[in-house]
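Input: a single structure, listed below in structure tokens.
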Amino acid sequence: MQWNSALYQDKHAFVFKYGEDVVQLLAPQAGERILDVGCGTGHLSNVIAHTGAKVVGIDNSADMIASATASFPGVTFQVADAADFNFFELFDAIFSNAALHWVRDAEGAVICMSRALKSGGRFVVEMGGNGNIEKLTRGIGDAVREVVGAEVDHGRHYPSISEYTTLLERHGMVVSNALLFDRPTVFADGELGLRNWINQFEQAVLRDFSSEQQVEIIRVAEGKLRDQLFRDGNWVADYKRLRIVAHKR
Ligand code: BEZ
84 MQWNSALYQD
94 KHAFVFKYGE
104 DVVQLLAPQA
114 GERILDVGCG
124 TGHLSNVIAH
134 TGAKVVGIDN
144 SADMIASATA
154 SFPGVTFQVA
164 DAADFNFFEL
174 FDAIFSNAAL
184 HWVRDAEGAV
194 ICMSRALKSG
204 GRFVVEMGGN
214 GNIEKLTRGI
224 GDAVREVVGA
234 EVDHGRHYPS
244 ISEYTTLLER
254 HGMVVSNALL
264 FDRPTVFADG
274 ELGLRNWINQ
284 FEQAVLRDFS
294 SEQQVEIIRV
304 AEGKLRDQLF
314 RDGNWVADYK
324 RLRIVAHKR
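Sequence positions in the sequence shown follow the numbering used here and run 84 to 332.
Set out below in structure tokens:
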């Protein structure tokens, strides 16, 4: 999918604000070599680098990597697929926030991440977990069906604890903590919040339709979701996070 890095930075800053908790859990140390998988606009890579760690951020979006490189010239960024990368020099830790649910080949990503870690290296990750944005996704899918009669593939997968920890254990990791929790998430911009989110994150769904159909899909989705997700002037999405701490055997 094509990412709009400007819209992401401007309206969806909550993604990396919540991610700062995950950085704390990582507890990066000066001099450590840390890989940020799915680094997006690089905000959290830069937060980690401020501790004196040597950070490499990877993302499969060239637009995101261009934005990250321009914003944080002191950090190393490169375009790479999370399920198909290889580094010669191993890492002390792997970090990822709100990215791994986009990777279709979850096992391929686990294989690459495990291979990139030193023995004893830390793995600290948060992503959308089982049941993430179920209401939101259903509302958008129903709206697309109603307006254009099509079924949609949102292109994301939200694993359960058992699914992801099994993959990690199969590929050389020891899991010490895994948590699935609700995180109701308030979108910026009041009434416009859902529209902004759909335009950013459901582009792969919308781009097959005319601009009039896109406007209608968003209008219908807002109508279907208002009772469930609109509270006190803001859209509040039914996010669920899967947070995992592990290390390489
Ligand atoms: C998430 O972080 O859970 C997410 C972000 C954008 C689209 C879908 C899910």
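Just so it is clear, CB atoms sit at the ideal spot from N, CA and C, and this is done for glycine as well. This one's a predicted model, so the numbers in the text were calculated from it and none came from an experiment.
Own chain partners of residue i with C-beta closer than 8 angstroms, once the 5 adjacent residues on each side are dropped
| i | result |
| --- | --- |
| L173 | R116, A199, L200, K201, G204 |
| V231 | F292, Q296, I300 |
| I131 | V106, L109, P111, I117, D119, V138, F178 |
| V319 | P267, T268, V269, F270, L312, F313 |
| S51 | With the chain covering 84 to 332 only, the question about residue 51 has no answer from this structure. |
Cβ neighbours of residue i in the same chain (closer than 7 angstroms, five flanking residues each side left out)
| i | result |
| --- | --- |
| S197 | H254, G255, M256, K331 |
| K307 | G222, D225, A226 |
| E229 | V303 |
Buried or exposed (CB count within 10 angstroms, at least 16 for buried), residue i
| i | result |
| --- | --- |
| S179 | buried |
| N215 | buried |
| Q112 | exposed |
| R324 | buried |
| G123 | buried |
| N129 | buried |
| G409 | The requested residue 409 is not part of the displayed model; the chain covers only 84 to 332. |
| L262 | exposed |
| D343 | The structure shown does not extend to residue 343, since the chain is modelled only from 84 to 332, so the question has no answer here. |
| L326 | Correcting the residue identity first, residue 326 is Arg in this sequence and not Leu. R326 should be labelled buried. |
| F206 | buried |
| G212 | buried |
Alpha-carbon to alpha-carbon, residue j and residue i
| i | j | result |
| --- | --- | --- |
| A153 | N169 | 24 angstroms |
| F284 | A136 | 31 angstroms |
| G191 | D164 | 10 angstroms |
| D36 | K100 | There is no way to answer for residue 36, as the model of the chain reaches only from 84 to 332. |
| A224 | K218 | The residue asked about is misnamed: residue 224 is Gly in this sequence, not Ala. Rounded to the nearest angstrom, the two C-alpha atoms are 10 angstroms apart. |
| A189 | S294 | 33 angstroms |
| I194 | N317 | 40 angstroms |
| A287 | L275 | 20 angstroms |
| S243 | E252 | 14 angstroms |
| D146 | Q161 | 11 angstroms |
As assigned by DSSP and simplified to three states, the class of residue i
| i | result |
| --- | --- |
| Y241 | coil |
| F160 | strand |
| T249 | helix |
| N282 | helix |
| V207 | strand |
| S144 | coil |
| R326 | strand |
| T152 | helix |
| V130 | helix |
| I216 | coil |
Sequence-distant residues of its chain with Cβ nearer than 6 angstroms to residue i (five each side left out)
| i | result |
| --- | --- |
| T159 | V139 |
| G102 | L127, N180 |
| V208 | S179, I327 |
| I281 | I301 |
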